[in-house]
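Worksheet: one structure, shown below.
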Amino acid sequence: MTIRRDSVAVVTGAGSGIGRALAKRLAAEGIAGLAIADVNREGLEETAAMLGDKKVSQHFVDVSDREAMQAFVDEVIGEHGRVTHVINNAGVALGGTLREVTLDEIEWLMSINFWGVVHGTKLFMPYLEKEPSAHIVNISSLFGFVAPPGQTAYCA
Numbered sequence: 005m006t007i008r009r010d011s012v013a014v015v016t017g018a019g020s021g022i023g024r025a026l027a028k029r030l031a032a033e034g035i036a037g038l039a040i041a042d043v044n045r046e047g048l049e050e051t052a053a054m055l056g057d058k059k060v061s062q063h064f065v066d067v068s069d070r071e072a073m074q075a076f077v078d079e080v081i082g083e084h085g086r087v088t089h090v091i092n093n094a095g096v097a098l099g100g101t102l103r104e105v106t107l108d109e110i111e112w113l114m115s116i117n118f119w120g121v122v123h124g125t126k127l128f129m130p131y132l133e134k135e136p137s138a139h140i141v142n143i144s145s146l147f148g149f150v151a152p153p154g155q156t157a158y159c160a
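Quick note on my numbering: the sequence shown kicks off at 5 and runs consecutively.
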């Protein structure tokens with residue numbers, strides 16, 4: 005992935021973990037703009053504070069909610085004017101065998117881990133297509149290749 009000084013990146017799930025680390029690295033690269041998003045407002049604010057006085061916008065958004073994601077896209081374009089990189093990082097885990105987990109729990113996981121990526125990719129696509137150096141990065145897990153017991157829904 006090519007990062008340039010004029011890049012404008014979006015990172016979902018930036019309130020902790022890998023998303024926070026990605027946001028910190030992108031900010032350190034001195035890119036033109038960074039939009040960080042998470043459903044955890046406190047974590048999002050902590051990440052933003054770590055980034056200092058960079059060109060960062062914070063967005064409290066549930067990636068599983070299509071309308072909220074469309075509003076997020078509109079906000080990002082309104083604040084930054086363009087986007088060159090979308091990093092779909094938001095995700096959750098759910099332990100338990102198929103017998104142990106409920107359908108509601110599986111739907112919750114899939115709405116974030118699957119639909120969150122679809123929403124982030126599809127809704128930002130019209131803006132990414134305008135950028136010759138655009139990138140889409142979808143963060144996933146080793147569990148997509150290795151399915152340990154008790155991770156039925158997560159591995160899906």
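Ideal placement from N, C-alpha and C gives every residue a C-beta, glycine not left out.
Practice task
Evaluate M5 with the Cβ neighbour count: other Cβ atoms within 10 Å of its Cβ, from every protein chain shown; 16 or more gives buried, anything less gives exposed.
Solution key: exposed
Problem - Classification of R24 by the beta-carbon crowding that lies within 10 angstroms, buried from 16 upward - result: buried
Problem - Residues of its chain near E109, where Cβ-Cβ distance is below 6 Å and the 5 sequence neighbours each way are ignored - result: L98
Handout entry: Residues near E49 in its chain [Cβ-Cβ closer than 8 Å; skip 5 each side]
Key = Q62
Problem - Cα-Cα separation between G56 and F64, rounded to whole angstroms - result: 18 Å
Exercise for the section: From the DSSP output, in three-state form, read off G37 for me. Expected result: strand
Handout entry: Alpha carbon of K58 to alpha carbon of Q74, nearest angstrom
Key = 24 Å
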